[in-house]
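Report on the structure given below.
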Amino acid sequence: MTQPAAPEGRSAIDRLRRRLGWWSVPVGAVAAAGFMHVLAVVMEWLLGAAQPQPFSWRAFTVPWLIGAVVWTLLGWWERRRPTAIPPRWTPGAPRALRAVGAVAEVVWMATAGAAYGTALDGQMSALWAAAATAAAFVPLAVAWHLAERYEPGPQTAVAGEPPM
């Protein structure tokens, strides 16, 4: 059996997000935008920049819809299968908050994928793709922050009782 990397079973990013509090929302959005921008610039450098073209909503919307459908199906499958991986969303959080979080996750992934593809195709600059990614990340970061309030506190053992 493997031991979790963090003493309380959290990743370093989760602990940092808890420590930052509400500041984790803009910090996460800037980090997502920075990652998207660097990734798009590196791929343009490796593959060669595409010829600039006018922005097409159809070229953005079709990959967005495909990404949303795929990510929705993957999220549904992940929630339904038994797994040893702890759930991403706290079970104690209200159902409405978990639903908003799941929708925000789908919107963020679909937007990031569509913006990245559109940037590589030359219809959107890497900066606009990064801005779209950051804007789509904000609702997800807010949902994560609100869901953390419903996490159970550390278990305290009572003398003579077996641990839970």
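Quick note: the sequence shown, position 159, residue 1466 per the numbering used here, numbers continuous. The beta-carbon is built from N, C-alpha and C at its ideal position, and this holds for glycine as well. Fair warning: this is a prediction, and the values are worked out from it, not measured in the lab.
If residue i and residue j are in contact, beta carbons under 8 Å, what's the gap, nearest whole angstrom?
i     : j     : result
Y1457 : A1436 : Not quite, the Cβ-Cβ distance comes to about 34 Å (not below 8 Å), so this is no contact.
A1403 : A1450 : About 10 Å; that fails the 8 Å criterion.
M1431 : F1342 : Actually they do not touch by this definition, with Cβ atoms about 16 Å apart.
F1337 : L1327 : Residue identity differs from the one stated: residue 1337 is Val in this sequence, not Phe. V1337 to L1327, Cβ: 12 Å. No contact.
Quick one: residues in its chain with C-beta nearer than 7 Å to the C-beta of residue i, no 5 flanking neighbours on either side, listed in chain order?
i     : result
W1415 : A1443, F1444 and L1447
A1400 : A1454 and Y1457
V1332 : V1445, A1448, V1449 and H1452
A1339 : T1440, A1441 and F1444
A1366 : T1425, D1428 and Q1430
P1370 : G1420, A1421 and G1424
W1329 : H1452
Looking at the secondary structure, which residues open and close the alpha helix (DSSP H) in which residue i lies?
i     : result
S1363 : Unbroken run through S1363: none, as it is neither H nor E.
W1451 : A1433 to A1454
G1429 : Per DSSP, G1429 belongs to no alpha helix (DSSP H) and is neither H nor E.
R1322 : A1319 to L1327
P1333 : S1331 to L1354
Select from the options the residue whose C-alpha is nearest the C-alpha of residue i.
i     : options                       : result
G1429 : E1351, L1381 and W1383        : E1351
G1382 : Q1360, R1326, S1363 and R1405 : R1405
G1374 : V1345, T1418, V1334 and R1388 : T1418
Among residues of its own chain, excluding the 5 on either side of residue i, which ones have a beta-carbon nearer than 8 Å to its beta-carbon?
i     : result
T1463 : Low confidence applies to T1463: its pLDDT is 48, below 50, so where it sits in the model is not reliable, and the reading given next is rough at best. Within the same chain, T1463 has no close Cβ partners at all.
W1347 : Looking at the sequence provided, one finds Ala at residue 1347 rather than Trp. Once the five neighbours on either side are set aside, the close Cβ partners of A1347 are Y1423, A1426, L1427, A1433, A1436 and A1437.
T1379 : V1413
Leaving aside the five residues before and after residue i along the sequence, list all residues of the same chain whose C-beta is less than 6 Å from its C-beta, in chain order.
i     : result
I1320 : none
P1359 : G1429
R1324 : S1331
A1294 : Only positions 1308 to 1471 of the chain appear in the structure, and residue 1294 is not among them; the question remains open.
E1385 : none
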